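Asker:
Number of protein chains: 2
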Amino acid sequence: MNSMSDFRIPGITIYRLGMYARSLERFLQEGRDLISSEELARACGVNPAQLRKDLSYFGQFGVRGVGYSAQTLLKSIRRILGTDREWPMVLAGVGHLGHALLSYEILTRRGFKFVAAFDVDPAKIGKVVNDIYVYAMEQLPYIVREHRVEIGVIATPCDAAQEVADSFIREGIKGIVNFAPTSIKHPPNVVVEQSDMTILFDKIAYYLLRLD
Amino acid sequence: MNSMSDFRIPGITIYRLGMYARSLERFLQEGRDLISSEELARACGVNPAQLRKDLSYFGQFGVRGVGYSAQTLLKSIRRILGTDREWPMVLAGVGHLGHALLSYEILTRRGFKFVAAFDVDPAKIGKVVNDIYVYAMEQLPYIVREHRVEIGVIATPCDAAQEVADSFIREGIKGIVNFAPTSIKHPPNVVVEQSDMTILFDKIAYYLLRLD
DNA sequence: TTTTTTAGGTTATTATATGAACAGCATGTC
DNA sequence: GACATGCTGTTCATATAATAACCTAAAAAA
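Chains as they are written, first to last, in the working numbering: chain A, 1 to 212; chain B, 1 to 212.
(1) Please classify residue 29 (chain B) as buried or exposed, where buried requires at least 16 neighbouring CB atoms within 10 angstroms.
(2) Could you check whether the Cβ of residue 168 (chain B) sits closer than 9 Å to any Cβ belonging to chain A?
(3) List the whole-angstrom C-beta distance separating residue 232 (chain B) from residue 95 (chain B), where the pair is believed to meet the contact cut-off of C-beta under 8 Å.
(4) Whose Cβ in chain B lies nearer than 8 Å to the Cβ of residue 18 (chain A)?
(5) Are the Cβ atoms of residue 130 (chain A) and residue 153 (chain A) separated by less than 9 Å?
(6) When the cut-off is 9 Å and only beta carbons count, does residue 191 (chain A) lie next to chain B?
(7) By how many angstroms is the C-alpha of residue 20 (chain B) removed from the C-alpha of residue 140 (chain A)?
(8) Where residue 4 (chain B) and residue 171 (chain A) are concerned, what is the direct C-alpha to C-alpha distance, given to the nearest angstrom?
(9) Could you tell me whether any Cβ in chain B is nearer than 9 Å to the Cβ of residue 93 (chain A)?
(10) At which residues does the beta strand (DSSP E) containing residue 119 (chain B) begin and terminate?
(11) Just checking: is the beta-carbon of residue 209 (chain A) within a distance shorter than 9 Å of some beta-carbon in chain B?
(12) Which runs of the alpha helix (DSSP H) fall wholly inside the segment 85-172 of chain A and span at least 4 residues, in chain order?
(13) Can you find the residues in the same chain that come closer than 8 Å, C-beta to C-beta, to residue 205 (chain B), ignoring five residues on each side of it along the sequence?
(14) By Cβ distance, which residues of its chain are closer than 6 Å to residue 144 (chain B), with the 5 residues on each side in sequence left out?
(15) Which bits of chain B does residue 48 (chain A) rub up against, with CB to CB less than 8 Å?
(16) Please state the DSSP three-state secondary structure of residue 69 (chain A).
(17) Whole-angstrom Cβ separation of residue 164 (chain A) and residue 92 (chain A), contact assumed at under 8 Å?
(18) So what does residue 34 (chain B) bridge to, in DSSP terms?
(19) Against residue 99 (chain A), what residues of chain B qualify as contacts under a CB-to-CB distance less than 8 Å, listed in chain order?
(20) Please confirm whether residue 212 (chain A) has its beta-carbon closer than 9 Å to some beta-carbon of chain B.
(21) Closest by CA to residue 149 (chain A), which one among A:138, A:106, A:176 and A:123?
(22) Distance, Cα to Cα, residue 124 (chain A) vs residue 198 (chain B)?
(23) Just checking: is the beta-carbon of residue 174 (chain B) within a distance shorter than 9 Å of some beta-carbon in chain A?
(24) How many Å lie between residue 174 (chain B) and residue 42 (chain A) at the Cα?
(25) With a cut-off of 9 Å, does the C-beta of residue 51 (chain B) fall near any C-beta of chain A?
(26) Return the first residue and the last residue of the beta strand (DSSP E) that residue 204 (chain A) is part of.
(27) Mind checking which residues open and close the alpha helix (DSSP H) that includes residue 11 (chain B)?
(28) For the segment 118-150 of chain A, which residues have a beta carbon sitting closer than 8 Å to at least one beta carbon of chain B?
(29) Could you check whether the Cβ of residue 1 (chain B) sits closer than 9 Å to any Cβ belonging to chain A?
(30) Only counting the same chain, and skipping five residues up and downstream in sequence, which positions put a Cβ closer than 7 Å to that of residue 132 (chain B)?
(31) Closer than 9 Å, CB to CB, is residue 55 (chain B) near chain A or not?
(32) Could you pull the start and end residues of the beta strand (DSSP E) that residue 194 (chain B) belongs to?
(33) Mind checking whether residue 202 (chain A) and residue 17 (chain B) have CB atoms under 9 Å apart?
(34) Mind checking if residue 179 (chain A) is an interface residue toward chain B, Cβ cutoff 9 Å exclusive?
(35) Are residue 80 (chain B) and residue 58 (chain B) touching if we call contact CB-CB under 9 Å?
(36) Buried or exposed, going by whether 16 or more other CB atoms sit within 10 Å of the CB of residue 49 (chain B)?
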């Protein structure tokens, strides 16, 4: 079970690797390096055994009796996740959320770079947001080819999301992050991550009703 | 296991209830009402058996041999989730994401209403975004008491998130939605939902690297 | 009516994820 | 250099979740 190419690693482990990476970045910023599974796990709100197990899917990164070097571990996690390189992305939907994404500096720092944005609103087309030009959807094929775009981000209203996803897929984009609160149908060779904020609020409401 | 107050219902079931609700809303908008577990489940990308099981935690909502009434089921799910009432909320952090949240109409439609926003930037204090006034953080206690605020939303930078959460908790807010990419420490009688967009991108990168 | 069909509810099985316990290696100490 | 200590890597038991199979009720057809 130690091969990096093993596909049977739980998705939630991948998710937590991202959490660990973020935590390690902050830890390094504070000028420290040596960190134990205990400390890193607590910072992420998980069990230390789970952290060690998550890492063990991919190899051995610590030193027994000592702990982990934050720098080394971060580098390893980045290699595992693929965040040690740049990922050119396009955005569809330059509304408020789209604006937020285009300006989200933490994405850029991790190598996720928007090379272009798209919208159907003529008032938005031609504008520049955070150095990123807003095109009409028709320009998508050209841009994708030109910049070898691999990730498409959807921040459109619900009812446009599937259509945009289909366009992305048609142009060969294999990774989609969807912020529209609707689930996207897609072939198995395309990876889609959904993020539905509205459901977070539903969950909060549910648990608030039942506190005590 | 059929009591609505049973706390041992999996969190992921609650999450899916939110998905079902959204799907049902769209279904009703198309003017239809009768829907089978098969159709609803497929629209949400889940297994029909899972949908039926999720619902069975809370009672019986369908008619055997027939299906569900979308309207009735939606009403039931809303009562379960607590989205059949209004939830007054406050926002901390009026950056791009904060703006997006204040303008997110789908939240309002579901009863989640921002009554005030807060920021530390003097340039933002006093502004009005989508009819919502931006206050200095010092005003928090007064606003929370005045509007009986039950949910606090964090859209600040990482390093301010914990401090804001502590303020929320100090004022008696029991539900927090955190969009800052850091995990919030909180007592057990406070409910926190985290949403970290950056990790979605990490996951996409991971799976893109391993396609084929 | 009786039969057949349909689709929800329920139980059983399988798969997955978590947490605790322990084995094993590096470091520091006497 | 032997020994004690500390923290990782790994295994295993438990808990949780997903799927499949089955049972039952309602509606439609014969």
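For every residue, glycine included, the Cβ atom is placed at its ideal position computed from N, Cα and C.
Just so we're clear, the structure is a prediction, and the values are computed from it rather than from any experiment.
Answerer: Taking the geometry as given:
(1) exposed
(2) no
(3) Summary: the structure shown does not reach residue 232 (chain B), with chain B confined to residues 1 through 212, and so no result is reported for it.
(4) 196, 198, 199, 202 and 203
(5) no
(6) yes
(7) 32 Å
(8) No answer about residue 4 (chain B) holds up, because its pLDDT of 38 lies below 50 and its placement is not dependable.
(9) no
(10) 112-119
(11) yes
(12) 96-102, 105-109, 140-147 and 158-170
(13) none
(14) 171
(15) Correct list: empty, because the minimum Cβ distance to chain B is about 15 Å.
(16) strand
(17) 5 Å
(18) B:69
(19) 96, 99 and 100
(20) yes
(21) A:176
(22) 26 Å
(23) yes
(24) 22 Å
(25) no
(26) From DSSP, residue 204 (chain A) is part of no beta strand (DSSP E) but of the alpha helix (DSSP H) over 197-209.
(27) 11-29
(28) 150
(29) Annotation note: pLDDT 34 at residue 1 (chain B) (below 50); position unreliable, coordinate value reported separately. It does not: the Cβ of residue 1 (chain B) has no partner Cβ on chain A nearer than 9 Å.
(30) 102, 114, 116 and 117
(31) no
(32) 191-194
(33) yes
(34) yes
(35) yes
(36) exposed
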